[in-house]
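The sequence shown begins at 4 in our numbering and counts up one residue at a time.
See below for the structure under consideration.
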Amino acid sequence: MIVATAAWFERHSTRVLVASIFVGLGWQDLAEVLRPAVLPFSILTMTFSSVRMDWSLLGGHLRRPLSLAAILLWLLVGAPLLVYGVCTVLLEPSSPLFGGLMLNAVSPPIMAAPAYALIVGAEPVQALLISLGGSALTPFTGPGIIEALGLGAVHLSPGDLLLRLAAMVGSALGLAWLISRAMGRARVVRHGNVLGAITVLLIAGFGIGLMDGMRGRILAEPELVLGYTLAAFGLNGALQIIGALLLWRRSRAQGLVVALVSGNRNMSLMTAAVIDAIGPNVLLYLICTQFPLFCMPLLMRPIFRRFAPGPPP
4 MIVATAAWFE
14 RHSTRVLVAS
24 IFVGLGWQDL
34 AEVLRPAVLP
44 FSILTMTFSS
54 VRMDWSLLGG
64 HLRRPLSLAA
74 ILLWLLVGAP
84 LLVYGVCTVL
94 LEPSSPLFGG
104 LMLNAVSPPI
114 MAAPAYALIV
124 GAEPVQALLI
134 SLGGSALTPF
144 TGPGIIEALG
154 LGAVHLSPGD
164 LLLRLAAMVG
174 SALGLAWLIS
184 RAMGRARVVR
194 HGNVLGAITV
204 LLIAGFGIGL
214 MDGMRGRILA
224 EPELVLGYTL
234 AAFGLNGALQ
244 IIGALLLWRR
254 SRAQGLVVAL
264 VSGNRNMSLM
274 TAAVIDAIGP
284 NVLLYLICTQ
294 FPLFCMPLLM
304 RPIFRRFAPG
314 PPP
């Protein structure tokens, strides 16, 4: 029964994630109850996504360190600088949207990138390696970029933000290592559907918790919420297109992976890290980023599978 239920959650993961947003909006009492669990949900999502990693498959990609370094340089430095340049033209530096877009841009790729890759038909092992590298480096790159660009959206010192992000990433990966060691590789593989279902439920719980008070904001300021949501979809899509084009001529398969990780950032990590140190409208934008994160896999799957170089996994 448990295995069958877990398999169902994995098969319908994208629909479960989309539904969780509407559950949170419709059931505000549940969203209020889950709001304090946003931080642990975020850490545990990274943990259970990492438990399923098969480190032995990463060797081939690690033999090309310059390629990985170039991709991470684009994700963690190039993309934020590009977004900053566009924002300085279109927005006032003091705008909450400016701050929200920059926090979006400096965030690492989602830890569930391998699962997203399988859903849309991209290569999951490289997505895993990029996601892991980005998550490990973001505590050092993100606060520095925010400080260097003089962004006032986050009322934390670079050192404090670094410590928060490092503690979250370190605890998630450390706990994942302990669980993997305790279970053993054979049991991890055997119970992969259960671990995947737990990850889906954790992401869904995070999404529901973030919707606390969101229905009131939508009813009170529908144009603002719509504008922020469109901006989040626009940034996600634009970074995916640019990421794909950067490597398209060299390798279509690699271009699709870079597209996936460029647009889909780990906003649960960043939101949980700064939730008590940002203004309400910056937080509103970060919450709105959940809509494309939860919906884009369904929207992008036919496009990715159309351009994938081989049959989808």
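Every residue gets a Cβ at the ideal spot worked out from N, C-alpha and C, and that includes glycine.
For Pro43, the enclosing alpha helix (DSSP H) has its first and last residue at Val41 to Val54. Contact between Val228 and Cys291 holds, since their C-beta atoms are separated by about 7 Å, short of 8 Å. Note that the C-beta distance between Leu100 and Tyr288 is below 9 Å. A distance below 8 Å between beta-carbons, with the five flanking residues on each side excluded, links Ala241 to the following residues of its chain, in chain order: Gly266.
With contacts defined by Cβ atoms closer than 9 Å, Gly29 and Arg218 form a contacting pair. Ala170 counts as exposed, since fewer than 16 other beta carbons sit within 10 angstroms of its beta carbon. By the neighbour-count definition (other C-beta atoms within 10 Å, threshold 16), Thr141 is a buried residue. In the DSSP annotation of this structure, the continuous segment of the alpha helix (DSSP H) that includes Pro300 starts and ends at Gln293 to Phe310.
Per DSSP, Arg184 has no beta-bridge partner at all.
Here the alpha carbon of Asp279 sits roughly 11 Å from the alpha carbon of Val285. Contact between the segment 42-52 and the segment 228-238 is absent: fewer than 3 CB-CB pairs across the two stretches fall below 8 Å.
Listed in chain order, the non-local C-beta contacts of Leu47 below 6 Å within the same chain comprise Leu205, local neighbours out to five positions each way being set aside.
As the crow flies, the alpha-carbon of Ala116 is around 6 Å from that of Ala130.
A straight line joining the alpha-carbon of Ile211 with that of Val41 spans about 9 Å.
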